[in-house]
Structure formats: structure tokens, C-alpha cells
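There are 2 protein chains.
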Amino acid sequence: MPAILIVDDEEDIRELISVTLMREEDYKLIEASDGLSALRIARDKRPDVILLDLMLPGMDGLTVFRNLREDARTKSIPVIMLTARGRLEEKITGLELGADDYMAKPFSPKELMLRVRNLLRRTNPNQGGNVIVSGPFSLDKNSLKLLLEGTEIELTSTEFKLLLSMIESPGITQGRGDLLKKVWGYSDRIQTRTLDTHIKRLREKLGAHGNSIETVRGVGYRFLET
Amino acid sequence: MPAILIVDDEEDIRELISVTLMREEDYKLIEASDGLSALRIARDKRPDVILLDLMLPGMDGLTVFRNLREDARTKSIPVIMLTARGRLEEKITGLELGADDYMAKPFSPKELMLRVRNLLRRTNPNQGGNVIVSGPFSLDKNSLKLLLEGTEIELTSTEFKLLLSMIESPGITQGRGDLLKKVWGYSDRIQTRTLDTHIKRLREKLGAHGNSIETVRGVGYRFLET
DNA sequence: CCCTGCTGTGACAAAACCGTAACGATTCGG
DNA sequence: CCGAATCGTTACGGTTTTGTCACAGCAGGG
């Protein structure tokens, strides 16, 4: 379930947003009324989207945003900025800084919902960009590690890229050429055992789950969806 | 999310407090029923507030409090004392020793909540600015010193910046380039052993915790979250 | 001015990683 | 059942990346 952090100091606005969003989708909503706690929550909970009002007591909204973008833990979380209509300069600054979307208050509920949904669709496919989950597999792009049934498995960068290429399209066979191109950048058809070798090493590291990588004779390999 | 340690030997009191606090805020609650485990938890988890009942089996509440204040790792954690109504002398002793607040049982839920909230608001901003805590590590931006398991470790300014850069985003790999940029201000990709050398020196000073700095081959380093 | 501690650098060692060749095993069509 | 094609497995050497060390420049304090 996607988590959404709402940062606004007016309680009824938060309430309004909550009701709007929950009407048609199932979100986990977190609220914050000031910048500091917003930053803290963003770091700890890593919501999927942040709705950030620019008018905040204490720390200004743009400052909050800058802080979000400076912290590696939060810099990839998409932010929708909210502000009173007409504050054009803020809008420009916000978008320049890399805000993902922008809405002027008062906004139409439907519009808000659509923007959030779009943003989620745009960013969610890879779950915040850091962790890819498929069945019992959990690939962490940060540490190049695979989390499988509670144990960490270290992968080399090539192994990681290879597994990622397959796991991104579970159940779909990828030709040898495709994989070679994706992982190694080869363009031509190449006669080599390199791919096989790495597949073997992967299967080895996957242990009991090694058979999740299925070879399709004459074509390539595919990752079985669980 | 603020963590709160509740120290009381009566389970239903702990329960009551938990329910009260969670009704309106999002806290992480930790419970302890005797003084010794309370001290241990306080050292290891560094809660943001401690609710300490003075009536405890074994080690007396005031003794627990004194111990908390003697340990560098816990001496700055605010403590709210709880006791049966009327034990005035205890109250005086407690406040003289430096308790941050005081409540007589039975207390009103609303009062408890307000006191906790106030205490958090009062102490959090200071902590956020100067001291970064992560697991057993406690980095003081003012003195450029690292407090690790009760012992002070002196760091040079470069070491400090480096450790800080990593510790600020625990669990997230920072590329060699990122670190070079953050700590040294380099903009280009530079072929240098400088980073490695300082990592080595850091690991050396961290002693047994040296392995908290993990190298991610081909990418950079990351600080393991505990 | 000297001493001390901090810093960056280069040389070298160690470790990790990768591709390749060689060969065995398997599959498949006839 | 046979042969060809394909895939799996193994071992090994070369390459890249990282760790370690010694040393010299440098700044600051006494």
C-alpha cells in the first residue's frame, strides 16, 4: 500500500486531503504539521509521495524541500508542492529545484487525486528506485545485495545487473542476445560462454531458489514468477 | 519517530500509558519492568524520552536515574518521573537531581500526553542540530568527537566529515565520487587513494565497529544501519 | 624555528571480479 | 541410437578495484 505524507499546518486542509485521497484508493496516510517533523518522518518512513505545503510555521516549505533533496534517504521521494494561488515565483522556484508536481490552493479534489495517482504510477514501478521485490526476492540497488528469505546474499555488479534484467520481467523469456546487450552492452550476436557462466554463479548463490532461473533452450533464460 | 521508554513493573500501567500515548501521536514505545534492563535499553536504543516509575523491584528508581545521568550515552535523555501521589520528598529529590518533569499517579491521560509532547518539542530541536546519533554511534558536530559505547574517540576534521557523510544516510551506499565531492569538494572523477586511506583510518579508530563501514565494490561505501 | 599532528600521494600487495577455453552433459531431430 | 547443437561446469590467468604502508609537505602552536 502506498504511503503518502501530508505536510500542512492547517488541520482541516490535511483532513480534506485525506478524505479526498481515501475515497477511491487505499493509501496509508501520514500527517505532519511542521517542517522538522516532516523531515524526520520522511527519513524514517520513506513515504512514496510527499504533499508539501509551502506555507509552514518555522521552517519554510522550500527549505524543507531542499533538505529532502539533500538527504540520500529522501532525495528520490517525489514531492507535490501546494501553495496559495498566484504565488507564481514560488512555483517557479519549486519546479527549478526539482519538485515533481505542483498544485495551487484551492484545488479540486479530483485533480489532486489524479496527480497523486499519476505520480505513483510514474515512480512506483521500481518502488522508490531502490528496492525491487519479486516473490521472496528483494533486490537492493544500493548495496547490490539480494535479500532472500531473511538472509543477505552478496552479488557482484555483473551478477546484479543480470539478475535485475531478468527479474524485472518475470515470466518472460529474454534472449541471450538481449541479456548480453543489457548487461554487457554487446550489440552483435556473440558466441560466448560468459553469459552461461554468470547464470551458473547466480544459480549457485540463489541456492534452493536457483531453479527460479529457467533456461529456454535455443532462446535464452527466464525468471519464473512465484 | 520519537521513541519512548516506559519503565514500570506493573504491566497494566505500562499498557495504560501506551494506549494513552498512541491515541494521538505516532511513537515507538519500548517497555522495561526493572531498572537494570531499563538502563541497558536506554544505552542501546537511546529513546527520546524516558518515563520512569520510582517504585521498582530491585534497583530503586532514583538509583536508575542517577545511573542514567552518569553515563555519557544517556545523560541527555529527558526523564519524566512517575510515583504514587504524595511522596513529596521523592519529588524534590528527583527534581534536584535533574529530572525533566514529574507526574503523580494516578495521572490523567491527557496530562501525560501533553507533558511528553512538550518535552519532545523542547528537546528535539537541540538534539537535531548538534548531535547525530545512529545506533551506538553519537557524533558531536561541535567537538568533532565521536562517542562510541561510552568512550570518546577523537576524529580529525576530515575523518569527521567523512564519517558524517556516511552516517547521515545509514544503509545507503554513497559512491566514491559522491563522498569525494562532499568531503573534499572535488567535482571530477579522480583517481586517488585518498578516500581509501581515510576510510582505513576511520575503521581503525572505530575498532570493533570498523565493519560498520562496508565497501560496495565498484560503487563506494555505505554505513550499516544497526 | 622546531615539533607535532594532519593530510595527500604513490608504490605495492591483496582481493575480488571477470572472461575464456576446454570439456562434459544434455537435448533434440532423424 | 547417433550426431549436432546447445548448455553446464570447471579451472585458470588477466584485469580492475581496494587495502595498506611509508613518506613528505604543510600548517599551527609553542
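Protein chains in written order, with the numbering used here: chain P, 2 to 227; chain B, 2 to 227. Every residue, glycine too, gets a C-beta built ideally from N, C-alpha and C. Bear in mind that the values here come from a model prediction, so they are computed numbers and not experimental data.
Excluding five sequence positions before and after Glu215 (chain B), the CB atoms of its chain that fall closer than 7 Å to its own CB belong to Tyr222, Arg223, Leu225, given in chain order. Short of 6 Å from the beta carbon of Ala33 (chain P), and not among the five residues preceding or following it, lie these beta carbons of its own chain, in chain order: Val8, Ala39, Ile42. Those residues of the stretch 163 to 177 of chain B placed with their C-beta closer than 9 Å to a C-beta in chain P are Glu169, Ser170, Pro171, Gly172, Ile173, Thr174, Gln175, ordered along the chain. By the rule that beta-carbons nearer than 8 Å mark a contact, Val117 (chain B) does not touch chain P. Counted as a single uninterrupted DSSP element, the alpha helix (DSSP H) harbouring Phe161 (chain B) occupies residues 158 to 168. At a Cβ-Cβ threshold of 8 Å, Val65 (chain B) and Ile5 (chain B) do not count as neighbours. The beta carbon of Asp27 (chain P) sits closer than 8 Å to those of Met2, all from its chain and outside the five residues before and after it, given in chain order. It is roughly 16 Å from the alpha-carbon of Arg177 (chain P) to the alpha-carbon of Pro171 (chain P).
For chain B, the residues of the stretch 44 to 65 of chain P that bring a beta carbon within less than 7 Å of one of its beta carbons are Asp45, in chain order.
Ser77 (chain P) has a beta carbon lying at 8 Å or more from every beta carbon in chain B.
Each residue's CA atom was taken as its position, placing Leu22 (chain B) and Lys106 (chain B) some 16 Å apart. Closer than 8 Å to the CB of Val134 (chain B) there is not a single CB belonging to chain P. For Ser158 (chain P) and Arg116 (chain P), the gap between their C-alpha atoms comes out near 36 Å.
As the crow flies, the alpha-carbon of Leu181 (chain B) is around 20 Å from that of Lys142 (chain B). Close partners of Val217 (chain B) in chain P (Cβ separation under 7 Å): Ser144, Leu145.
Measuring C-alpha to C-alpha distances from Arg218 (chain P) to each of P:Glu11, P:Leu164, P:Thr174 identifies P:Thr174 as the nearest. DSSP places Ser19 (chain P) in the helix class (H, G or I) of the three-state scheme.
Here DSSP, grouped into helix, strand and coil, assigns Leu83 (chain B) to strand. Interface criterion met: the Cβ of Ser158 (chain P) is under 8 Å from a Cβ in chain B. Only Ile31 from the stretch 10 to 36 of chain P bring a Cβ to less than 8 Å from some Cβ of chain B. In the three-state scheme derived from DSSP, where H, G and I count as helix and E and B as strand, Leu40 (chain B) is classed as helix. Ala105 (chain P) is bridged by DSSP to P:Thr84. Sequence-distant partners of Leu163 (chain P) (beyond 5 residues in either direction) whose C-beta falls short of 6 Å from its own C-beta, in its chain, are Val184, His199. Taking Lys46 (chain B) as the centre and dropping the five residues before and after it, the same chain places the C-beta of Ala4, Leu6, Ile31 closer than 8 Å to its C-beta, in chain order. Per DSSP, reduced to three states, the secondary structure at Ser34 (chain B) is coil, with no helix or strand assignment. Our two residues, Leu52 (chain B) and Lys201 (chain B), have alpha carbons roughly 41 Å apart in a direct line. Sorting P:Leu113, P:Arg24, P:Leu140 by C-alpha distance to the C-alpha of Gly151 (chain P) places P:Leu140 at the top. Interface residue (Cβ-Cβ distance to chain P less than 8 Å): Val184 (chain B) is not classified as such. Distance between Leu203 (chain B) and Ala209 (chain B), taken at the CA atoms: about 11 Å. Closer than 8 Å to the CB of Arg74 (chain P) there is at least one CB belonging to chain B. If you ignore the 5 residues before and after Glu153 (chain P), its C-beta comes within less than 6 Å of the C-beta of Lys146, all in its own chain and listed in chain order. DSSP places Gly176 (chain P) in the uninterrupted beta strand (DSSP E) bounded by 174 to 176.
In this structure, the beta-carbon distance from Asp72 (chain B) to Leu57 (chain B) does not fall below 8 Å. Residues of chain P whose Cβ lies closer than 9 Å to the Cβ of Arg223 (chain B) are, in chain order, Asn143, Ser144.
The beta carbon of Ser166 (chain P) sits closer than 7 Å to the beta carbons of Gln175, Leu180, Lys183, Val184 from its chain, once the five residues preceding and following it are set aside; these are given in chain order. DSSP links Gly219 (chain B) through a beta bridge to no other residue.
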